[in-house]
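Sequence order for the protein chains is Z and Y.
Residue numbers 83 to 197, in the numbering used here, belong to the letters of the first sequence in order.
Residue numbers 1227 to 1333, in the numbering used here, belong to the letters of the second sequence in order.
Ideal Cβ positions, reconstructed from N, Cα and C, are used throughout, including at glycine.
The structure under discussion appears below in the form of structure tokens.
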Amino acid sequence: GAGVSQSPSNKVTEKGKDVELRCDPISGHTALYWYRQSLGQGLEFLIYFQGNSAPDKSGLPSDRFSAERTGGSVSTLTIQRTQQEDSAVYLCASSPSSRWESPLHFGNGTRLTVT
Amino acid sequence: KNEVEQSPQNLTAQEGEFITINCSYSVGISALHWLQQHPGGGIVSLFMLSSGKKKHGRLIATINIQEKHSSLHITASHPRDSAVYICAVNTGNQFYFGTGTSLTVIP
């Protein structure tokens, strides 16, 4: 079947605008993770969902960031009033469960550029 | 202070060499992952470990929970192994990532 799908693959937006990033996990995967990777930087964990619930939102960089997941499937990451420092590749991964033995499957990411 | 430290940051090897990448962490973990990121950005999960050793082809990953240390070994390295290798630990609620080791294997 299909892997983790993210859309759009690229997004250029003006500073101050809102953006919405989408992640379609592998069918049946209950756990979903959002990360970001800024240019020249390492990976940064943002948030994870077990089903539709996000047990820990402390990784979100600011209150301009929010994420939701509906139907235990698609997730959206919303960034309000984008800033230039939000420019990064936003990656989504899913796994069959959030138990430690579950492998991660990554999407190809959304490259966000804030001008 | 980084919860996950990787070494070396950069590594250049001749084809055929045995390669070791190290990862040390300071938090309690449920599992440790080794990830591979090729130029162009796609990320692939290589291994997930909670104890002992795993082997897949020319890749071997080990973890010592008491010492909070993991190693990724590549035997008979090949230019197609050139990539960034990232160590990630899962604490049960969060992931922490190393900054990655950029490996270049020269023919």
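**Prompt:** From Lys139 of chain Z to Tyr130 of chain Z, what distance separates their C-alpha atoms?
**Reply:** Rounded to whole angstroms, the separation of the alpha carbons of Tyr130 of chain Z and Lys139 of chain Z is 8 Å.
**Item:** Gly1242 of chain Y to Thr1301 of chain Y span [Cα, whole Å]
**Value:** Spanning the two alpha carbons is a distance of roughly 7 Å.
**Request:** Taking 9 Å as the cut-off, decide whether the C-beta atoms of Phe1323 of chain Y and Glu167 of chain Z are in contact.
**Result:** No, they are not a contact pair.
**Request:** Quick one: grab the DSSP three-state call for Asp138 of chain Z.
**Result:** Three-state DSSP puts Asp138 of chain Z in coil, outside helix and strand.
**Prompt:** Which residues in the same chain have their Cβ closer than 8 Å to the Cβ of Ala1257 of chain Y, if we skip the five residues on either side of it in sequence?
**Reply:** If we look at Ala1257 of chain Y and ignore the five residues flanking it on each side, its Cβ neighbours are Met1274, Leu1275, Ser1276, Val1315, Asn1316.
**Request:** Tell me, please, whether the CB atom of Tyr172 of chain Z is closer than 9 Å to any CB atom in chain Y?
**Result:** So, not an interface residue.
**Prompt:** Thinking just about the alpha-carbon of each residue, which of Z:Cys174, Z:Leu186, Z:Arg193 is nearest to the one in Asp106 of chain Z?
**Reply:** If you compare the alpha carbons of Z:Cys174, Z:Leu186, Z:Arg193 with that of Asp106 of chain Z, the shortest gap goes to Z:Cys174.
**Asked** Do we get a CB-CB distance below 9 Å when we pair Asn1236 of chain Y with the residues of chain Z?
**Response** False, the Cβ-Cβ gap to chain Z never drops below 9 Å.
**Asked** Given that Gly141 of chain Z touches chain Y, what residues does it touch there, using C-beta distances under 7 Å?
**Response** Per Cβ cutoff of 7 Å: Gln1320.
**Request:** Say whether chain Z places a C-beta atom closer than 9 Å to the C-beta of Gly1278 of chain Y.
**Result:** Nearest CB-CB separation between Gly1278 of chain Y and chain Z: not below the 9 Å threshold.
**Request:** Classify His1304 of chain Y as buried or exposed, calling it buried when 16 or more other Cβ atoms lie within 10 Å of its own Cβ.
**Result:** Flag for His1304 of chain Y reads exposed.
**Asked** Closer than 9 Å, CB to CB, is Ser1203 of chain Y near chain Z or not?
**Response** Because chain Y here runs from 1227 to 1333, residue 1203 of chain Y falls outside it and cannot be looked at.
**Pick from Y:Ile1286, Y:Ser1296, Y:Gln1292, Y:Pro1333 that is closest to Glu1231 of chain Y, judged by C-alpha positions** = Looking only at Y:Ile1286, Y:Ser1296, Y:Gln1292, Y:Pro1333, the smallest Cα-Cα distance to Glu1231 of chain Y is reached by Y:Ser1296.
**Message:** Less than 8 Å between C-beta atoms, sequence neighbours within five positions excluded: which residues of the same chain meet that for Leu1237 of chain Y?
**Reply:** Excluding residues within five positions, the ones whose Cβ falls inside 8 Å are Ile1245, Ile1247, Thr1327, Ser1328, Leu1329, Thr1330.
**Message:** Distance cutoff 9 Å, beta carbons only. Does Leu1261 of chain Y sit that close to anything in chain Z?
**Reply:** So, interface residue.
**Closer than 9 Å to chain Y by CB, Asn92 of chain Z** = Chain Y, which has no Cβ nearer than 9 Å to the Cβ of Asn92 of chain Z, makes this no.
**Option in Z:Arg118, Z:Gln165, Z:Ala170 with minimal Cα separation from Glu96 of chain Z** = Selection Z:Arg118, Z:Gln165, Z:Ala170 evaluated against Glu96 of chain Z yields Z:Gln165 as nearest (Cα-Cα).
**Ser1308 of chain Y versus Y:His1259, Y:His1264, Y:Ala1287, residue with shortest Cα-Cα distance** = Of the candidates Y:His1259, Y:His1264, Y:Ala1287, the one whose C-alpha sits nearest the C-alpha of Ser1308 of chain Y is Y:His1264.
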